[in-house]
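The sequence shown: position 136 = 188 (my numbering), numbered continuously. Encoded as structure tokens, the structure appears first; notes follow it.
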Amino acid sequence: MARRISISEEELVALLKDKDQRGFTILYNNYSSALYGVLNKIIQQDDDANDLLQDTFLKIWKNIGNYDASKGSIFTWMMNIARNLAIDKVRSVDFRDTSLNVSMEDKVVYQIDSEYQTAQEVDGIGLHRVVDRLKPEYKQLIDLIYYQGYTQAEVAEEYGIPLGTVKTRIKAAVNTLRTLLQTLVLLLMNIF
């Protein structure tokens with residue numbers, strides 16, 4: 053992966069609006085991995101996620117004039133573009149007819165571990181509902197890192213807090229989430 057270049061969001065947007073190729077290169081180097089992570093979580097097929105990543109950056113390049121900083125960060129705007137393209141792809145007939153697809157009705161919960169992230173089917177448990185029960189600061193970290201594809205370093209930079217603080221908080225959030233999930237599993241086992 054290319055080296056991340058530090059530039060203010062305002063400077064980056066100005067370069068992009070001027071159709072400066074350097075701005076696009078910086079944008080791609082700084083955000084492509086996070087956007088790919090989101091696309092791949094929705095699509096769950098590498099080739100389609102890569103195609104959508106290219107479509108996302110093309111749409112960003114063509115529509116940068118529509119970006120309004122007062123409505124949110126450039127990353128949030130790009131994330132919405134990527135998410136919308138992925139949802140459109142999932143809804144498309146050719147995607148649904150592909151035999152490689154995983155049913156969108158399957159319930160998948162991402163078991164968050166300090167070293168690995170694995171997906172497993174869980175009957176009837178919605179992880180988002182459990183995450184919603186976390187403290188707001190923990191919920192925000194889980195959302196940014198595990199759902200939006202931010203790295204811990206990106207979160208630290210975005211919020212101006214030390215990387216060690218982010219690591220400590222995410223560990224506490226994961227431990228709290230693990231405890232909530234274990235409690236939920238025990239409750240379900242007692243019911244059934």
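Note that CB positions come from ideal geometry on N, CA and C, so glycine has one too. All values reported here derive from a predicted model rather than from experimental measurement.
Top-ranked residue by Cα proximity to residue i, from the options
i	options	result
residue 93	103, 200, 224, 61	200
residue 215	203, 237, 182	203
residue 70	88, 105, 224, 117	117
residue 142	91, 82, 241	91
residue 138	96, 226, 120, 122	96
residue 184	213, 207, 232	232
residue 82	210, 226, 180, 144	210
residue 46	86, 73, 107, 72	An answer regarding residue 46 cannot be provided, because it is not within the stretch 53 to 244 covered by the chain.
Nonlocal neighbours in the same chain, by C-beta distance under 6 Å from residue i, ignoring five residues either side
i	result
residue 111	133
residue 68	75, 116
residue 207	196, 218
Three-state class that DSSP yields for residue i in the structure shown
i	result
residue 234	helix
residue 214	coil
residue 222	helix
residue 190	helix
residue 181	helix
residue 202	coil
residue 197	helix
Other residues of its chain near residue i: CB distance less than 7 Å, five sequence neighbours each side excluded
i	result
residue 84	105
residue 126	61, 64, 65, 119
residue 113	76
residue 80	109
residue 222	193, 197, 204
Beta-carbon proximity list for residue i, same chain, < 8 Å, skipping 5 on both sides
i	result
residue 228	186, 187, 190
residue 121	61, 62, 65
residue 88	101, 102, 105, 201
residue 78	57, 59, 64, 67
residue 238	none
residue 224	190
Restricting to runs no shorter than 4 residues, where is the alpha helix (DSSP H) found entirely within the region 68-142?
73-95, 98-115
Segment contact flag, the region 98-105 with the region 56-67, C-beta cutoff 8 Å, min 3 pairs
no
For the region 217-236 against the region 180-194, are there 3 or more C-beta pairs whose distance is under 8 Å?
yes
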